[in-house]
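Student: Residue numbers (my numbering): 12 to 164.
C-beta atoms are modelled at their ideal positions from N, C-alpha and C, and glycine is treated no differently.
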């Protein structure tokens, strides 16, 4: 039996002198739990990436998980799960179109993300890295002159 109180997120193995953390994908919300079976699996649509936790976190509105999950999986294709807020964002180089057909890349959604494709610039044009729009050399020079003036203020 453990000589010290067994805190939440851990269990006291039978015949062991020290508490052990519940593994990732499980939790223990009671103190003084004896035996590994006190660690319960995270329920469906919750997850736990760390050992020794007292509860599991919800996946968020655009992700899902099975029982005992260590991470959540985004519903939409080409998305990654952001543990900090439970959202699903498009992978780099991908976009999605929202309900109003507006192109987005940062929003949380269940919609599939698709590869972003830039329109080919015409002869005599170049692409602005900040907006991805094609501009003439004159527009590019004007843009950088104005930007430089604003930075100098």
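Just how far apart, CA to CA, sit residue 114 and residue 70?
Tutor: Going by the C-alpha atoms only, they are around 25 angstroms apart.
Student: What is the DSSP secondary structure of residue 161, reduced to helix, strand or coil?
Tutor: In the structure shown, residue 161 sits in a helix (DSSP, three-state: H, G or I).
Student: Between the stretch 80 to 88 and the stretch 109 to 129, can you find at least three pairs of beta-carbon atoms closer than 8 angstroms?
Tutor: The stretch 109 to 129 vs the stretch 80 to 88: in contact.
Student: When the Cα of residue 55 is compared with those of 151, 42, 118, 36, which residue comes out closest?
Tutor: The candidate whose alpha carbon is nearest that of residue 55 is 36.
Student: Within 10 angstroms of its Cβ, does residue 64 collect 16 or more other Cβ (buried), or is it exposed?
Tutor: Answer is buried; the Cβ neighbour count reaches 16.
Student: Could you tell me whether the stretch 70 to 80 touches the stretch 90 to 99, where touching means 3 or more Cβ pairs closer than 8 angstroms?
Tutor: In short, these stretches touch, since the Cβ pair count reaches three.
Student: For residue 109, collect the residues of the same chain with a Cβ closer than 8 angstroms to its Cβ; drop the 5 residues on either side in sequence, then sort them by chain order.
Tutor: Closer than 8 angstroms at the Cβ level, and outside the excluded window around residue 109, lie 115, 118, 120, 122.
Student: Would you tell me roughly how many angstroms separate the C-alpha atoms of residue 153 and residue 159, rounded to the nearest one?
Tutor: The alpha-carbon atoms of residue 153 and residue 159 are separated by roughly 10 angstroms.
Student: Between which two residues does the beta strand (DSSP E) containing residue 98 stretch?
Tutor: Looking at the DSSP string, the run of the beta strand (DSSP E) that includes residue 98 is 98 to 101.
Student: Express the C-alpha separation of residue 112 and residue 30 in angstroms, rounding to a whole number.
Tutor: If I take the Cα positions, the gap works out to 54 angstroms.
Student: Span of the beta strand (DSSP E) holding residue 146?
Tutor: From DSSP, the beta strand (DSSP E) with residue 146 extends over 145 to 147.
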